[in-house]
Every structure is written in structure tokens, then in C-alpha cells.
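Let me begin by presenting the structure, written as C-alpha cells, before commenting on it.
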Amino acid sequence: MDTVEANEALAQKKAESESKEKERIANEKLEAERKIAEEQKALEEKRIADEQARIAQEQEQQQAQTAAEVETGQGLIKGSESGIYHTPGSTLL
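Whatever position you read off the sequence shown (first residue = 1), add 33 for this note's numbering.
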């Protein structure tokens, strides 16, 4: 093998090595982006679950309050013979 062929072979190996290194770096970057996307998805799912739990708790509290108001008669609109309605606790007529 002469010097030209040796230089060409060396250049080819160097090019292959650089190509593999670029591919490795690209794969690492893709993997890092995938992990970030997974973390963001998990955070969003947790935020949604927390929001749903908060809404469910508010609904339970509202139902309990409504049940208590029905039991005691508080918060109910009372009718009158004249057709004028008054909400207990209000002062507007």
C-alpha cells in the first residue's frame, strides 16, 4: 500500500469515526429530549389529577352544605300567598 492509499484509508476511517460520533451525540440529544417530554407529561398529568381532586372535594363540600341547608330549611325559597318570594336571611323585598 502506498502513502496515498494509506492516507485515503486513514481519511475514510476518520470520516466514519466522526460520523459515528455525530450519530451518538444526536441519539443522546434525542434521549434527553424524550426524557424531558416524559417529565413534562408526568407533571401535566399530576396537575390534572390534583385539579380533578380539588374539584371533587369542592363538589362534596357543596353537596354537604346543600344537604345541611335542606335539612334545616336554610337557603330554601319560601312561597307566599301573594306570590312574592323571600329568601330567608335577605332583606330585599
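Beta carbons are placed, not taken as given, at the ideal position from N, Cα and C, and that holds for glycine.
What you are looking at is a predicted structure, and each value in this text was computed from that prediction instead of being measured.
Check                                                                                  : Outcome
Alpha carbon of residue 95 to alpha carbon of residue 77, nearest angstrom             : 27 angstroms
Nearest-angstrom Cα separation, counted from residue 71 out to residue 51              : 30 angstroms
Rounded straight-line distance, which links the Cα of residue 91 to that of residue 57 : 51 angstroms
Straight-line Cα distance separating residue 54 from residue 83                        : 43 angstroms
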